[in-house]
Amino acid sequence: MSNYNFYSMEEYNTLVVGASENELRYSNRAIKLLRRYDKKVYAFGLREGKVLDVDINVEWPYDKDIHTVTLYIGPKHQASIYDKVVAINPKRVIFNPGTENLEFENILKDKSIEVIENCTLVMLNSGLY
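Letter by letter, the sequence shown follows residues 69 to 197 of the working numbering.
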């Protein structure tokens, strides 16, 4: 497990990458749980859609103040977002199970962006988000 800061449940804008309307997807569950905890959520996915009150966009949210990026896309699809994530300069990026990517993690660390290997759902439910 990564050595990381435990953030309080204060308001942190979160970008869910790999967002899906499919209720079986963990990204969908994460959006719903983030909203249950009253987090401001932005969602980026392959297709436009909506989960609760959150629009899934196919355009990267360069103009948003993003504190946390939580990844739900596998390592082989992440190279296309390396520069995009760095450009929005989040405080941290959460690599959910199955998304771990040493190359991307090192890029983020070199930019002083905190890297967390953990499950967003577990973090939220245990008060560690």
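Idealized CB from N, CA, C, for every residue including glycine.
Terminal residues of the alpha helix (DSSP H) in which residue i lies
i	result
Val190	Thr188 to Asn193
Lys152	Tyr150 to Ile156
Tyr94	Tyr94 to Arg104
Burial state of residue i, where buried means 16 or more other Cβ atoms lie within 10 Å
i	result
Ser198	Here the chain comprises residues numbered 69 to 197, so residue 198 is not present and cannot be evaluated.
Asn90	exposed
Met69	For Met69, the predicted structure reports a pLDDT of 39, less than 50, and the residue's modelled location is therefore unreliable. A value from the coordinates is still provided. Exposed, because fewer than 16 other Cβ atoms sit within 10 Å of the Cβ of Met69.
Val137	buried
Val122	buried
Lys107	buried
Ser180	exposed
Ser194	exposed
Rounded distance between the beta-carbons of residue j and residue i, thought under 8 angstroms
i	j	result
Ile134	Ile162	The Cβ separation is near 12 angstroms, so there is no contact.
Val109	Arg103	6 angstroms
Tyr105	Leu192	6 angstroms
Contact under 8 angstroms by Cβ, residue i with residue j
i	j	result
Pro143	Asn169	yes
Leu101	Leu196	no
Ile13	Lys132	Outside the shown range of the chain (69 to 197) lies residue 13, about which nothing can therefore be said.
Leu120	Ile149	no
Residues near residue i by beta carbon distance below 7 angstroms, same chain, minus five either side
i	result
Asn152	The amino acid occupying residue 152 in the given sequence is Lys; Asn does not appear at that position. Same-chain partners within the cutoff: Trp128.
Cys187	Asn164 and Pro165
Ser95	Val84, Gly86, Ala87, Ser88 and Tyr140
Same chain only: Cβ atoms within 8 angstroms of residue i, ignoring 5 sequence neighbours per side
i	result
Leu139	Val85, Gly86, Gln146, Val161, Ile162, Phe163, Asn164 and Thr167
Val183	Ser70, Tyr72, Arg160, Val161, Phe163, Glu173, Leu176 and Lys177
Pro158	Leu83, Ile134, His135, Thr136, Val137 and Ile181
Ile141	Val85, Gly86, Ile149 and Thr167
Val154	Ile175, Leu176, Lys179 and Ile181
Contact set for residue i: own chain, Cβ-Cβ below 6 angstroms, skip 5 residues either direction
i	result
Ala83	Residue 83 is actually Leu in this sequence, not Ala. Correct list, in chain order: Tyr110, Ile134 and Val137.
Asn81	Lys108, Asp133, Ile134 and His135
Val126	Glu116
Endpoints, beta strand (DSSP E) assigned at residue i
i	result
Ile184	Glu182 to Glu185
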